[in-house]
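**Q** Before anything else, here's the structure in question.
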Amino acid sequence: MTTPDDLRLLVVGASAGIGRAVAERASGAGSRVVASARRADRLAELDAHVVVGDVTDDDDCDRIVAEAVAHLGGLDGVVYTVGASPLLPLADATSADWQRVFATNVIGAARIISAAAPHLLAADGRAVVLSSKAAADPFPHLSLYSTSKVALDGLLRCLPKEFPGLRVTRVVVGNTTGTEFADAWDPDQLDESISHWAEIGVLGTGGIMTVDQVAESVLFALTSSAYLPDIAVIDHETDVP
Ligand SMILES: NC(=O)c1ccc[n+]([C@@H]2O[C@H](COP(=O)([O-])OP(=O)(O)OC[C@H]3O[C@@H](n4cnc5c(N)ncnc54)[C@H](OP(=O)(O)O)[C@@H]3O)[C@@H](O)[C@H]2O)c1
């Protein structure tokens, strides 16, 4: 069993939200962490080796993993928390919107974990990828996001078939505060969406988790003596993605 204090960990999506909490919690527990995302200034605040990169760029994906392996001398864990979640009715979504969401949420995960797989297999390590309750329970105007998470779930079933022995954990996450999930949402679109959600009766009281609660579960998935292929981290009252 790996313990947090001997973990060599790459966190992709470490500049904000859940990924940042994972990187902070892991380094606080003694793990050696490589933190990656696009914003260098945010990453520089972490107790981690920084690799700036964009997961929608093939070369960046290869470089992120290669630099992490070179710095750490191998990899015991990769956590992929990158996510794009536009609030956008299907009727307004262009193919460029779809491509951006899939490039970020699905293809980036495929590129990063495929590049990391030989190193994880060599170290008996694990990949942990954040999916969402919204894959099974979509929310109107977040359909691009929900569809991408369904595709991501499919990818996570494919990875161990192509990399036999690779241990991949899907973490199904519910509504979590302390993130940038909704920061880019247009206020007018949000007003319209909230009215629509109220009208169709999908707005509820809803529970909410902290990034630390989710980060704790991610670290557990990386270090548990049992392999956990699928876990859900959901406040029991949560009803939004
Ligand atoms: N928050 C929730 O309520 C919730 C619920 C269910 C599931 N989830 C899932 O949990 C994961 C984390 O969510 P979060 O809310 O913590 O997200 P967040 O606060 O928005 O953080 C997303 C991270 O991804 C990075 N990122 C975005 N695009 C990138 C790109 N092209 N290349 C590299 N890095 C990129 C961002 O950094 P830069 O901008 O610096 O690149 C940031 O570090 C996501 O997969 C999300 O779908 C979240």
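First residue of the sequence shown: 84, per my numbering; consecutive thereafter. Here a beta-carbon is modelled for each residue, glycine too, at the ideal position from N, C-alpha and C.
Using a 10 Å radius around the Cβ and a threshold of 16 neighbouring Cβ atoms, would you call Pro-324 buried or exposed?
**A** Any reading at Pro-324 must be qualified, since the residue scores a pLDDT of 47, below 50, and its modelled position is unreliable; the value itself is stated next. With 16 or more Cβ atoms within 10 Å of its Cβ, Pro-324 is classed as buried.
**Q** Would the C-beta of Ile-195 count as close to ligand 1, meaning under 7 Å from any of its heavy atoms?
**A** Outside the cutoff, so no.
**Q** Can we count Thr-306 as close to ligand 1, meaning its CB is less than 7 Å from some heavy atom?
**A** It does not: the Cβ of Thr-306 is nowhere closer than 7 Å to a heavy atom of ligand 1.
**Q** Under the three-state reduction of DSSP, which class applies to His-202: helix, strand or coil?
**A** Reduced to three states, the DSSP call for His-202 is helix.
**Q** Excluding the 5 residues preceding and the 5 following Leu-213 in the sequence, name in chain order all residues of the same chain whose CB lies nearer than 6 Å to its CB.
**A** Result list for Leu-213: Thr-164, Val-254, Val-256, in chain order.
**Q** Any heavy atom of ligand 1 closer than 7 Å to the CB of Arg-121?
**A** The answer is yes for Arg-121.
**Q** Expressed to the nearest angstrom, what Euclidean distance is found between the alpha-carbon atoms of Leu-90 and His-154?
**A** Rounded to the nearest angstrom, the two C-alpha atoms are 13 Å apart.
**Q** Take Ile-196 as the anchor and find which of Ala-109, Asp-318, Ala-218, Ala-149 has the nearest alpha-carbon.
**A** Per the Cα distances, Ala-149.
**Q** From Pro-172 to Trp-268, what distance separates their C-alpha atoms?
**A** Looking at the two C-alpha atoms, the distance is approximately 12 Å.
**Q** Between the C-alpha atoms of Leu-239 and Val-211, what's the straight-line distance to the nearest angstrom?
**A** Using only the alpha carbons, I get a separation of about 10 Å.
**Q** To the nearest angstrom, how far is it from the Cα of Ala-304 to the Cα of Arg-209?
**A** Rounded to the nearest angstrom, the two C-alpha atoms are 8 Å apart.
**Q** Just list the residues that DSSP pairs Gly-160 with in beta bridges.
**A** Beta-bridge pairing links Gly-160 to Leu-92, Arg-209.
**Q** For Val-255, which of helix, strand or coil comes out of DSSP?
**A** Strand, per DSSP.
**Q** For the region 226 to 299, which segments carrying the alpha helix (DSSP H) assignment without a break, of at least 4 residues, lie completely within its bounds, in sequence order?
**A** Counting only runs of 4 or more, we get 226 to 245, 270 to 283.
**Q** Confirm the yes/no value for this check: CB of Thr-259, any heavy atom of ligand 1, distance under 7 Å.
**A** The answer is yes for Thr-259.
**Q** Measure the CB-CB distance between Leu-242 and Leu-170 and report whether it falls below 8 Å.
**A** No, they are not a contact pair.
**Q** When the Cα atoms are used, what is the spatial distance from Gly-136 to Asp-88?
**A** Cα-Cα distance, rounded: 26 Å.
**Q** Specify, as a first and last residue, the run of the beta strand (DSSP E) that Ala-118 falls within.
**A** Ala-118 -> beta strand (DSSP E) spans 115 to 120.
**Q** Should Asp-313 be labelled buried (16 or more other beta-carbon atoms within 10 Å of its own) or exposed?
**A** Asp-313 should be labelled exposed.
**Q** Among Pro-223, Ala-205, Asp-159, whose alpha-carbon lies nearest the alpha-carbon of Glu-275?
**A** The shortest Cα separation from Glu-275 among Pro-223, Ala-205, Asp-159 belongs to Pro-223.
**Q** Going along the chain, which residues of its own chain have a beta-carbon closer than 6 Å to the beta-carbon of Arg-121, five neighbours each way excluded?
**A** Correct list, in chain order: Asp-137.
**Q** So, for Asp-130: in the same chain, excluding its five sequence neighbours on each side, which residues have a beta-carbon less than 6 Å away from its beta-carbon?
**A** Excluding residues within five positions, the ones whose Cβ falls inside 6 Å are Ser-110.
**Q** Contact between the region 281 to 301 and the region 98 to 107 is defined here as three or more beta-carbon pairs at a separation below 8 Å; is this criterion met?
**A** Judged by Cβ distances under 8 Å, the region 281 to 301 makes contact with the region 98 to 107, as three or more pairs qualify.
**Q** Looking only at DSSP bridge pairs, what is Ala-52 linked to?
**A** Because residue 52 is not part of the residues shown, which for the chain are 84 to 324, the question remains open.
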